[in-house]
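Going by our numbering, the sequence shown opens with residue -11, and the numbers climb by one from there.
Heads up, the beta-carbon is just placed ideally off N, CA and C, and yes, glycines get one too.
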Amino acid sequence: MTPQAFSYPTVSNNGKIYIPPYGLDGVVDYMLKFDPVDNSFKKIKLKVNALSEKWQCGIAYRNKVYFLPYNEDNILCVNTDDDSVEYVNVNHPGKGKYIQAHIHGDKLIALPYGEHEPYDYVLTFYFRNNLATFHKIKLPKNDSKKWHTTQMVDGIIYGLPRGENWEDTFNYRISYDCNSGEYEIADMSPIWLDYNKQPMNNKKYTTMAKVGNRLYAPPYSENPEFDILSKFVNGDWYSERTGIKGTSRKYFSHTVASNGKVFFPPAGHDENWSEMLVVDSVKDDGSSEYWHTIDLGIGKESKKYFAGIENSKGKIYYIPRGGCVCEPEDTWKSQGDLNSILVIDIYSEKFYTIDIDKHFKEFTTIEKYNKCVLIDDVIYAFPYGESKDFHQLLVFDTLSDKVLETIDLRNV
């Protein structure tokens, strides 16, 4: 079975987990439905095209789950009452079409992403009649992977620039009005003109957290010097140079805690770098220090943690990822295999790790887990990974800090 066959779970409103096929380099023509009550699976047959990397983004609305196409041609509309499937064609070809969606009233809206080449169509999908409409975005300069994480505040979707181009880098912030379809493009390059003169100042932002009506986006970038934290507060944008320069590709994901803090786990392209960024939105009053970093002292593998989630006891659990396919294969795991779950208390910010190495003795890989979900304090982490042998669903109880089981999805 292809790596990354089932990597992107979505929890439906009836508590079941639906996992569409993705697939790194092979075609999978069925979806998985997982019942956490008895850990049972059901296969749902699908009509698919001949491309891999099919669907990523899923969103639950009432009794349905909608999956937006990455390389596929259709939106999947899954009725969770009977698991029937409808298909809505996306009549604009392209790869890496959509990776995030927002519900606004009776419709779903997604800004374009685009892998390898630009893709420029905003999707508006109406739930009442399964109607999809498309709005082409026009930019002064185009790029692929324009906006990675977007957030909606008061009916406006905001995206900060990511972009792939190494030389003529993408610098445009977008504000998209979900009611009118009007949008504004802002050139952010004056904020980082000096950084743009340095090599590879692309991929500036990949994650942006929403806390109430505030937005916080830490630096990512292939340029290790790029250290700018951008935030949206009371209707205005602000940028701050943090001095965090220990690595490129610093922060890929985030977890918004129930106490208003945002935890950005370390990704990083330097294996020895492991600084977690904590933003306290409650302290962000214009005068107080509202962010700080915590050095975790974890030296194994780059791109350490992406997937994290808070349990009912105020602890966030991060599932190990580790490694990057862009690194030479003979350097993979040169400092050891990252096989520890990271746990941090959202109040005290004390942290510890849980070694789960024994569960990966037979099969391991780089890039283990990208995404997880939580149901009744149990984490279900679905396999990502680069290895054809790595298909282990990790089931972890956050109340006892124990792995309940691993399930090989090849045996489903």
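Per DSSP, residue 96 is one residue of the beta strand (DSSP E) stretching across 95 to 98. Assignment of beta strand (DSSP E) within the stretch 3 to 79, counting only whole runs of 3 or more residues, yields 5 to 7, 18 to 23, 28 to 33, 43 to 49, 52 to 57, 62 to 67, 72 to 77 in chain order. The distance from the Cβ of residue 18 to that of residue 32 is about 6 Å, consistent with a contact at the 8 Å cut-off.
Excluding sequence positions up to five before and after residue 320, its CB lies within less than 7 Å of the CB of 311, 354, all in the same chain and listed in chain order.
For the 8 Å CB-CB criterion, residue 92 and residue 109 do not form a contact.
The three-state secondary structure of residue 331, taken from DSSP, is strand.
Contact annotation: residue 292 and residue 326 have beta-carbon atoms nearer than 8 Å. Residue pairing by DSSP places residue 203 opposite 198, 220 in a beta bridge.
Assigned with DSSP and collapsed to three states, residue 109 falls in strand. Between residue 150 and the set 129, 384, 96, 314, the nearest pair of CA atoms involves 129. For residue 0, the closest of 66, 333, 260, 331 by C-alpha to C-alpha distance is 66. Each of 267, 230, 308 was checked against the Cα of residue 287, and the nearest Cα belongs to 308. With fewer than 16 other CB atoms across the displayed protein chains lying within 10 angstroms of its CB, residue 280 is exposed. Residue burial annotation: residue 155 is exposed, with fewer than 16 other C-beta atoms found within 10 angstroms of its C-beta. Per the coordinates, the alpha-carbon of residue 254 lies some 25 Å from the alpha-carbon of residue 363.
Counting the other Cβ atoms within 10 Å of the Cβ of residue 387 gives fewer than 16, which makes it exposed.
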